[in-house]
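Here is the structure we will look at.
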Amino acid sequence: MRIYTRSGDRGITSLVYGKRVPKFHPRVEAYGTCDEANAMIGLALSFLEDVDWQEKDAFLQVMYRVQTVLFHVGAELSTPIGKEVYWKLTKDHIKELEAAIDKWDAELPVLKTFVLPSGNQPSSTLQVARTIVRRAERLIAALGDELDGSLALSYMNRLSDLLFVASRYVNKQLGGEERLLRTDV
Numbered sequence: 004m005r006i007y008t009r010s011g012d013r014g015i016t017s018l019v020y021g022k023r024v025p026k027f028h029p030r031v032e033a034y035g036t037c038d039e040a041n042a043m044i045g046l047a048l049s050f051l052e053d054v055d056w057q058e059k060d061a062f063l064q065v066m067y068r069v070q071t072v073l074f075h076v077g078a079e080l081s082t083p084i085g086k087e088v089y090w091k092l093t094k095d096h097i098k099e100l101e102a103a104i105d106k107w108d109a110e111l112p113v114l115k116t117f118v119l120p121s122g123n124q125p126s127s128t129l130q131v132a133r134t135i136v137r138r139a140e141r142l143i144a145a146l147g148d149e150l151d152g153s154l155a156l157s158y159m160n161r162l163s164d165l166l167f168v169a170s171r172y173v174n175k176q177l178g179g180e181e182r183l184l185r186t187d188v
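All the letters of the sequence shown, read from the start, carry residue numbers 4 to 188 under this note's numbering.
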């Protein structure tokens, strides 16, 4: 398979099953934003290569799973309405996120105000990934009935929560300072 096909040179791309749509089609925007979030998660994880903490491997396994599932979210979003989705999100995928959120959050100080994205590179980059996931979530919500029973919106909602907690968790593990929103300014 060649990397370039030249078929998109006129601003048209294919969904699953070969349906041709403009590159600005809402489905393309949604799955493209999932891809962007996936890349940002990858960047965040790359900052963890030379650091070590006891639970790092377990953390990375969760995050690699998230990256894999995000590819499948994109595949689901690129499947036209009425066509069979080869790989569907299940409630178990959402439960996996919730279990990780609960585990990591149990080790963090209780929040009484907002956290400013800050700390170290992996933590801050996970916050950027969170904002990209939120954008993807908005784009997916705009698809409405085209989702055809998909759990993509629920998964992305929970994923943004996971990335927020993951950012705080990594920041704590690496000794970063958590900057809280000041109300006296």
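Idealized CB from N, CA, C, for every residue including glycine.
Where residue i falls: helix, strand or coil (DSSP)
{"i": "I15", "result": "strand"}
{"i": "V24", "result": "strand"}
{"i": "V118", "result": "strand"}
{"i": "L183", "result": "strand"}
{"i": "A109", "result": "coil"}
{"i": "R9", "result": "coil"}
{"i": "L162", "result": "helix"}
{"i": "L156", "result": "helix"}
{"i": "L92", "result": "coil"}
{"i": "L177", "result": "coil"}
C-beta contact flag for residue i and residue j at 8 Å
{"i": "V24", "j": "T36", "result": "no"}
{"i": "R30", "j": "L146", "result": "yes"}
{"i": "V173", "j": "A40", "result": "no"}
{"i": "L100", "j": "L154", "result": "no"}
{"i": "A47", "j": "P125", "result": "yes"}
{"i": "Y34", "j": "P83", "result": "no"}
{"i": "F167", "j": "R133", "result": "yes"}
{"i": "V54", "j": "L177", "result": "yes"}
{"i": "T116", "j": "L184", "result": "yes"}
{"i": "R3", "j": "V118", "result": "Residue numbering for the chain in the displayed model covers 4 to 188; residue 3 lies beyond these limits and cannot be assessed."}
{"i": "K26", "j": "G11", "result": "yes"}
{"i": "K175", "j": "L73", "result": "no"}
{"i": "L18", "j": "I104", "result": "no"}
{"i": "A78", "j": "Y67", "result": "no"}
{"i": "Q70", "j": "I44", "result": "yes"}
Outcome for residue i when other beta-carbon atoms lying within 10 angstroms are tallied against a minimum of 16
{"i": "R13", "result": "exposed"}
{"i": "G152", "result": "exposed"}
{"i": "G122", "result": "buried"}
{"i": "S49", "result": "exposed"}
{"i": "Y7", "result": "exposed"}
{"i": "W107", "result": "buried"}
{"i": "L190", "result": "No answer is possible for residue 190: the residues shown for the chain start at 4 and end at 188."}
{"i": "G85", "result": "exposed"}
{"i": "Q130", "result": "buried"}
Which runs of the beta strand (DSSP E) fall wholly inside the stretch 18 to 86 and span at least 3 residues, in chain order?
Segments of the beta strand (DSSP E) lying fully in the stretch 18 to 86: 23 to 25.
Segments assigned alpha helix (DSSP H), at least 4 residues, entirely inside the stretch 119 to 150:
The qualifying runs are 124 to 146.
Would you check if there are 3 or more beta carbon pairs closer than 8 Å linking the stretch 130 to 144 to the stretch 155 to 170?
By the C-beta criterion, the stretch 130 to 144 is judged to be in contact with the stretch 155 to 170, since at least 3 inter-stretch pairs fall below 8 Å.
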